[in-house]
Amino acid sequence: MELSVYYQNVRGLRTKTNQLYAQTLDAEYNIIAFTETFLNGSIYDNELFHNRYTVHCRDRESTNSEKFDGGGVLLAIRDDIIASAVPELCSDAEDVWVLVRCMEMRFLVCCVYLPPGDVVASQSFLTNLVRVAEEYPDKPLLILGDFNLPHITWFSSNHKYMNPFSYSATDAIFIDTFDYCNLMQFNPVTNVNNRILDFVLASDYIVGSVQVCQTPLLKVDFHHPPLDVCLRNLTVTRSHTVRNTIRYFGKANYQGINEKLADLDWVATFRGLDLEHTVNTFYNTLYSLINKYVPLKTVTRSRFPLWFSQSTIKISNRNHTRVKSNLLGGVHGGHAARKRPVKHVERCRCRCERQVGVRVSKS
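In terms of the UniProt record's numbering, the sequence shown opens at residue 1 and continues consecutively.
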C-alpha cells in the first residue's frame, strides 16, 4: 500500500480556517503537513479540520524564538491510521514529530520551519536531528519543511533523489548532516526563482514520487509550490475502531449558557483591546462556556458515509457478501460462468491465428 502526503507552506492559516476546513472534508491524504501556519493558542484544532484528522501542531510561541508572530508547523494525520505525537523529539526550533505505525515498520514524520538566517534555530534542529537518527536507527525518517536554503543547487541523479551542491559553509553543514543521518532529498520542484526551499528528506527510499500538486488545498505562494508526496513499501496499520470525542450539543445546558451570556458586559470586556485581542477574548469566553455547559460524547466513526441509513448499509453489506461468495465460486459457479466468454474469445483468437498461418503458408 502507498501513503499520500500533502505539503504546503501556507503563509498563515488564521484567515483561512473556513477554506481549509471545507477543502479537507473529502480529502484523501493520509498525512497533511503545513509550515508557516502563523497559529497561536486562540485557534482550535476543530476550526481547522474535521475530526477525521488528528492535528499535531507547534506554534512559534512554544519555541525559543525571539519572534512571536509568524512561523509554526502542523501535521494532520487521518484518524484511520495509528499515529502518536513524540514531543520529546522536538528541538528548540519550530518542528513537530509524529510516529506512524505500520504493519511492517514504524517511521517518524517531522514537519519543520527554519527562518532565514536563524543560526540558533538551525543548529538546534541539526543537533537534534543527529540525536534522533542515532537513537532510532531502525526507524525510517520522513522530514518535510521549509529550510530556507536558496543557495543549495540540486541536481537530479540516476535515482529519484537529488544531489546537492553549494559553495556556502553553512549549506555544507546541512548537507553533511543529512548525509550522516542517511537522509536524501527527493523534491525536484523548483519555485518561481528556480530554487528549492522546501525539502522532502527521507531514508530507506520510502519516497516513491514527489510532484507539484495540481489541486492545492489553499492559495499558492509561488516561492513555495505545494507538493504531492507518495510513500511506497509501506503497509499501514489501520485502526479498526475509530472513536472520537465530540461535544454533545443535544444535551447542552442552554439555560446556563444564556444566563452567563446575559450577565456579560461585552463593552467593558472589550474596552481598551485591539482587534486581535478582542477576537481572542471573544473566542476564549465562548469556549469556556462550551467546556462548562456542553457534555462530551464518544462516537465511533463508521466506514460508511454519514448520509447512509441503516437500510442502505444492510443492502451494501448484503451485496458485498454476495459478490465475495461469487468470486469464490460459491454461488452456482458464478465465477466460472463469468470466465466462459473469456475462454471462448481466447479459443476463437487461437483458431483465427491458425487459419491465417495456413493461408500464408499455402500462398
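Ideal placement from N, C-alpha and C gives every residue a C-beta, glycine not left out.
These numbers were taken from a predicted model, which means no experiment stands behind them.
Residue 22 - DSSP class collapsed to helix/strand/coil: Three-state result, residue 22: helix.
State the start and end residues of the unbroken alpha helix (DSSP H) segment that holds residue 256. For residue 256, the enclosing alpha helix (DSSP H) starts and ends at 254-263.
Residue 189, DSSP secondary structure in three states: Secondary structure at residue 189: coil, using DSSP grouped into helix, strand and coil.
Would you mind sorting residue 128 into buried or exposed? The rule is 16 or more other CB atoms within 10 Å of its CB. Counting every other CB atom within 10 Å of its CB across the protein chains shown gives residue 128 a total of 16 or more, marking it as buried.
How about residue 196 and residue 182: do their beta carbons lie closer than 9 Å? No, the pair does not count as a contact, with Cβ atoms beyond the cut-off.
Proximal residues to residue 290 (C-beta, below 7 Å), its chain only, five neighbours per side dropped: 247.
Tell whether a beta-carbon distance below 9 Å holds between residue 98 and residue 108. Yes. Within cutoff.
CB contact flag (residue 201, residue 8, <9 Å): For the pair residue 201 and residue 8, the CB atoms are not nearer than the 9 Å cut-off.
Decide yes or no for the touch test of the segment 17-34 against the segment 76-84: beta carbon pairs closer than 8 Å, at least 3 of them. Three or more Cβ pairs closer than 8 Å define a contact, and the segment 17-34 meets that threshold against the segment 76-84.
So, do the segment 212-227 and the segment 16-24 have three or more beta carbon pairs nearer to each other than 8 Å? Yes: the two stretches touch, three or more of their Cβ pairs being nearer than 8 Å.
When the Cα atoms are used, what is the spatial distance from residue 165 to residue 48? Cα to Cα, residue 165 sits roughly 38 Å from residue 48.
C-beta contact flag for residue 231 and residue 4 at 9 Å: Against a cut-off of 9 Å, the Cβ pair of residue 4 and residue 231 comes out as a contact.
Measure the alpha-carbon distance for residue 258 versus residue 294 and round it to whole angstroms. Distance between the alpha carbons of residue 258 and residue 294 is about 13 Å.
Apply the 10 Å Cβ neighbour rule to residue 83 and answer buried if 16 or more other Cβ atoms are within range, or exposed otherwise. That one is buried.
Distance check for residue 162 and residue 212, CA to CA, integer angstroms please. Using only the alpha carbons, I get a separation of about 16 Å.
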